[in-house]
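A quick write-up on the structure given underneath.
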Amino acid sequence: AFEEALRLYPPAPSINREPIEPETWNDLHIPKYAAVLVMPWVVHRHRKLWDRPDAFMPERFHPGNRDRIDRFQYLPFGAGPRVCIGASFAMQEAIIALAILLSRFRFDSTPETHPWPVQKLTTQPQGGLPMQVTVRGS
């Protein structure tokens with residue numbers, strides 16, 4: 001479920017690159033030092049790449065399905081030689097933190113909870129994310 005959440009809400013909504021040499025890609029000429037913007041937010045919701053792209057479907061990342069996803073189709077931390085060096089650590093840390101938090105607390109939305117993603121340096125909920133937090137077992 002965590003990978004699917006990152007697909008729908010990638011931490012970095014855009015990635016900037018500048019080629020140090022001119023490039024041609026699919027008949028498109030890209031000049032040296034041109035600003036190239038890759039948008040995981042758009043790639044992750046592209047109808048040609050994903051079945052029901054706006055739906056939350058964690059089964060996309062189940063072991064039998066994961067190999068159907070191209071390495072440049074899912075890029076919450078970028079891809080290729082300049083992929084985020086902390087991607088593996090971030091995934092492990094987030095899963096461990098979520099497992100600990102969810103084992104100790106219950107998180108419920110409130111009437112004020114209306115998450116709307118805002119894309120700044122990272123994707124974040126506008127106005128925070130009000131939640132009712134309850135200690136498990138109490």
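All residue numbers for the sequence shown refer to the numbering used here, where the first residue is 1 and numbers rise by one.
For glycine and all other residues, C-beta sits at the position ideal for the given N, C-alpha and C.
In this model, T113 and M131 are separated by some 7 Å (Cα to Cα).
Secondary structure within the segment 38-114: the beta strand (DSSP E) runs of 3 or more consecutive residues, fully enclosed, are 105-109 (chain order). For the pair V135 and A34, the Cα-to-Cα distance works out to about 52 Å. Taking C-beta atoms under 8 Å as the contact rule, V38 and I15 qualify, at a distance of about 4 Å.
Between the alpha carbons of P111 and L129 lies a distance of about 11 Å. A buried status is given to L6, since no fewer than 16 other beta-carbon atoms sit within 10 Å of its beta-carbon. Of Y9, F2, A1, the smallest CA-CA separation from V118 is found for Y9.
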